[in-house]
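Working notes, structure below.
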Amino acid sequence: MASASLFSNNHGHNNKTLFFLFLFGVTLSICFLISSASAEIQCLRHPVKADRSLSFLVVGDWGRRGLYNQSEVALQMGIVGEKLDIDFVISTGDNFYENGLTDVNDPAFYESFSNIYTAPSLHKQWYNVLGNHDYRGDVLAQLSPDLGEKDKRWLCLRSFILHAEFVEFFFVDTTPFVDDYFTHPKDHTYDWRGVLPRKNYLSKLSKDLNSSLRHSTAKWKIVVGHHTIKSAGHHGITQELVSQLLPILEANNVDFYVNGHDHCLEHIIDSKSQIQFLTSGGGSKAWRGDIKWWNPEELKLYYDGQGFMSMEITEEVANFSYYDISGNILHKRSLSKELDSSV
1 MASASLFSNN HGHNNKTLFF LFLFGVTLSI CFLISSASAE IQCLRHPVKA DRSLSFLVVG
61 DWGRRGLYNQ SEVALQMGIV GEKLDIDFVI STGDNFYENG LTDVNDPAFY ESFSNIYTAP
121 SLHKQWYNVL GNHDYRGDVL AQLSPDLGEK DKRWLCLRSF ILHAEFVEFF FVDTTPFVDD
181 YFTHPKDHTY DWRGVLPRKN YLSKLSKDLN SSLRHSTAKW KIVVGHHTIK SAGHHGITQE
241 LVSQLLPILE ANNVDFYVNG HDHCLEHIID SKSQIQFLTS GGGSKAWRGD IKWWNPEELK
301 LYYDGQGFMS MEITEEVANF SYYDISGNIL HKRSLSKELD SSV
């Protein structure tokens with residue numbers, strides 16, 4: 001009998017999530033992929049457009065009740081979202097500052113999310129991961145389908161897969177990887193319900209991710225997490241992810257690692273693996289001038305202000321752009337793949 005994986009921690013919670021997805025008519029179906037370890041990994045399915053394209057926005061580190069230019073970023077997201085006819089939005093975590101949500105009735109949910117991202121183009125599904133600041137509050141509140149009842153756009157899970165025909169997104173809960181949150185929490189309290197015992201959690205998560213990536217037949221593989229792996233920003237390299245997560249990405253030909261955590265916009269191309277590291281953590285408060293040296297052959301963009309990222313993707317091409325709070329394009333790149341000769 002298959003055992004539940006860490007992508008699917010609580011069957012009761014998952015059943016309730018499915019109920020609300022159905023209730024609110026979200027255009028998602030649920031699939032389950034069976035790994036070599038006979039573990040069920042929760043997978044959401046999102047359709048592509050009729051022309052077989054997909055477009056979305058990425059924003060991170062945003063939840064400050066509209067302050068620190070959060071509202072200005074949201075305005076431009078709405079404009080770009082309409083222009084690109086986006087299918088959904090990805091949040092790279094730190095959804096609510098400073099200490100997550102107190103419970104499912106915390107007014108910060110409306111004040112930092114529903115009342116900020118009001119543009120019609122942003123009334124699409126939001127796929128959210130947790131950041132370290134989210135873990136300082138009631139984690140189960142953000143994971144609760146009750147928030148989906150308050151605002152049907154909201155969907156937050158610890159780790160999950162989003163399948164969209166030729167592209168798969170692997171959302172990873174990166175906060176439990178970081179040692180300091182356990183050994184040196186300072187004056188912060190973290191909500192580790194569902195994570196402990198930590199060693200078992202991380203082992204299972206890593207095995208499930210590796211298996212899912214290995215068995216994926218998607219043309220594009222995109223991994224989304226909160227914490228940086230390669231970054232010239234304030235937090236810089238997250239050593240635990242370099243040692244535990246990066247080898248999995250390299251072994252499975254991942255195309256993009258998308259993250260927040262550093263409050264900047266950043267593009268690094270690893271010179272060896274050619275993995276594209278895309279930081280979109282400029283949803284609100286940014287850190288001016290806070291940059292470390294990085295190999296200029298790898299560092300293609302570092303912007304120490306607020307903004308967000310977009311991606312338009314087909315089977316052959318992935319185009320991504322970074323925008324500031326005025327909607328100016330700071331940087332854009334295109335990555336191409338050849339179609340299979342058998343097609």
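Heads up, the sequence shown is in our numbering, so the first residue is 1 and it goes up one at a time. We treat Cβ as the ideally placed atom computed from N, Cα and C, and that holds for glycine. Being a predicted model, the structure only gives us computed values, none of them experimental.
Measuring straight from C-alpha to C-alpha, what distance separates residue i and residue j?
{"i": "Tyr68", "j": "Val59", "result": "14 Å"}
{"i": "Thr238", "j": "Trp293", "result": "16 Å"}
{"i": "Lys260", "j": "Asn252", "result": "Note that residue 260 is Gly in the sequence shown here, rather than Lys. For Gly260 and Asn252, the distance between alpha carbons rounds to 22 Å."}
{"i": "Val317", "j": "Glu168", "result": "15 Å"}
{"i": "Ala286", "j": "Lys300", "result": "19 Å"}
{"i": "Arg158", "j": "Asp138", "result": "13 Å"}
{"i": "Tyr212", "j": "Tyr181", "result": "The sequence given here places Ser at residue 212; Tyr does not occur at that position. So the two alpha carbons sit approximately 27 Å from each other."}
{"i": "His344", "j": "Asn128", "result": "Because the chain here runs from 1 to 343, residue 344 falls outside it and cannot be looked at."}
{"i": "Ile116", "j": "Asp187", "result": "30 Å"}
{"i": "Arg153", "j": "Thr118", "result": "11 Å"}
{"i": "Asp106", "j": "Leu265", "result": "29 Å"}
{"i": "Val258", "j": "Pro247", "result": "16 Å"}
{"i": "His184", "j": "Ser231", "result": "22 Å"}
{"i": "Asn319", "j": "Lys219", "result": "15 Å"}
{"i": "Ser321", "j": "Gln76", "result": "13 Å"}
{"i": "Pro47", "j": "Lys124", "result": "13 Å"}
{"i": "Pro296", "j": "Lys332", "result": "17 Å"}
Quick check on residue i: buried or exposed, where buried means 16 or more other Cβ atoms within 10 Å of its Cβ?
{"i": "Lys272", "result": "exposed"}
{"i": "Ser334", "result": "exposed"}
{"i": "Tyr110", "result": "exposed"}
{"i": "Asn78", "result": "Checking the displayed sequence, the identity of residue 78 turns out to be Gly instead of Asn. So Gly78 ends up on the buried side."}
{"i": "Lys49", "result": "exposed"}
{"i": "Ile329", "result": "exposed"}
{"i": "Phe19", "result": "In this prediction, Phe19 has a pLDDT of 46, which is less than 50 and means its spatial position is unreliable; what the coordinates show is noted afterwards. The residue in question, Phe19, is exposed, as its Cβ has fewer than 16 Cβ neighbours within 10 Å."}
{"i": "Ser55", "result": "buried"}
{"i": "His133", "result": "buried"}
{"i": "Thr279", "result": "buried"}
{"i": "Ser326", "result": "exposed"}
{"i": "Glu98", "result": "exposed"}
{"i": "Ser336", "result": "exposed"}
{"i": "Ser35", "result": "Residue placement at Ser35 cannot be trusted, given a pLDDT of 35 that sits under 50; the coordinates are not used to answer."}
{"i": "Thr27", "result": "For Thr27, the predicted structure reports a pLDDT of 43, less than 50, and the residue's modelled location is therefore unreliable. The matter cannot be settled from this model."}
{"i": "Ser203", "result": "exposed"}
{"i": "Lys199", "result": "exposed"}
{"i": "Gln427", "result": "Nothing about residue 427 can be read from this structure; the chain reaches only from 1 to 343."}
Under 8 Å by Cβ, that's how I've got residue i and residue j pegged, so tell me the actual separation to the nearest angstrom.
{"i": "Gln276", "j": "Asp262", "result": "Not confirmed; about 16 Å, so no contact."}
{"i": "Ala126", "j": "Ser91", "result": "In the sequence on display, residue 126 carries Trp and not Ala. Trp126 to Ser91, Cβ: 6 Å. Contact."}
{"i": "Leu347", "j": "Gln142", "result": "The structure shown does not extend to residue 347, since the chain spans only 1 to 343, so no value can be given for it."}
{"i": "Leu136", "j": "Glu315", "result": "The sequence given here has Arg at residue 136, not Leu. With a Cβ gap of about 41 Å, Arg136 and Glu315 do not count as contacting."}
{"i": "Gly305", "j": "Asp324", "result": "6 Å"}
{"i": "Leu209", "j": "Phe177", "result": "Wrong, their Cβ atoms sit about 11 Å apart, outside the cutoff."}
{"i": "Ile268", "j": "Glu298", "result": "5 Å"}
{"i": "Glu240", "j": "Asp179", "result": "6 Å"}
Would you call the CB atoms of residue i and residue j closer than 9 Å?
{"i": "His215", "j": "Thr174", "result": "no"}
{"i": "Phe96", "j": "Gly63", "result": "yes"}
{"i": "Val242", "j": "Val172", "result": "no"}
{"i": "Phe308", "j": "Leu140", "result": "no"}
{"i": "Glu165", "j": "Ser121", "result": "no"}
{"i": "Ile161", "j": "Cys43", "result": "yes"}
{"i": "Ser114", "j": "Asp151", "result": "yes"}
{"i": "Gly233", "j": "Tyr302", "result": "yes"}
{"i": "Ser284", "j": "Val73", "result": "yes"}
{"i": "Asp146", "j": "Val195", "result": "no"}
{"i": "Arg65", "j": "Ala108", "result": "yes"}
{"i": "Gly282", "j": "Asp61", "result": "yes"}
{"i": "Leu245", "j": "Ser206", "result": "yes"}
Every unbroken beta strand (DSSP E) inside the region 34-108 [3 residues or more] | Note on the region 34-108: whole beta strand (DSSP E) runs with a minimum of 3 residues are 39-45, 54-59, 88-91, in chain order.
Length at least 4, wholly inside the region 176-251: the alpha helix (DSSP H) runs in chain order | For the region 176-251, whole alpha helix (DSSP H) runs of length 4 or above, ordered along the chain, are 180-183, 198-215, 239-244, 246-251.
3 or more residues per run - each beta strand (DSSP E) lying fully within the region 125-162 | If you keep only unbroken beta strand (DSSP E) runs of at least 3 residues inside the region 125-162, you get 125-128, 154-156.
Minimum length 3: unbroken beta strand (DSSP E) runs contained in the region 279-303 = Qualifying beta strand (DSSP E) stretches, in chain order: 299-303.
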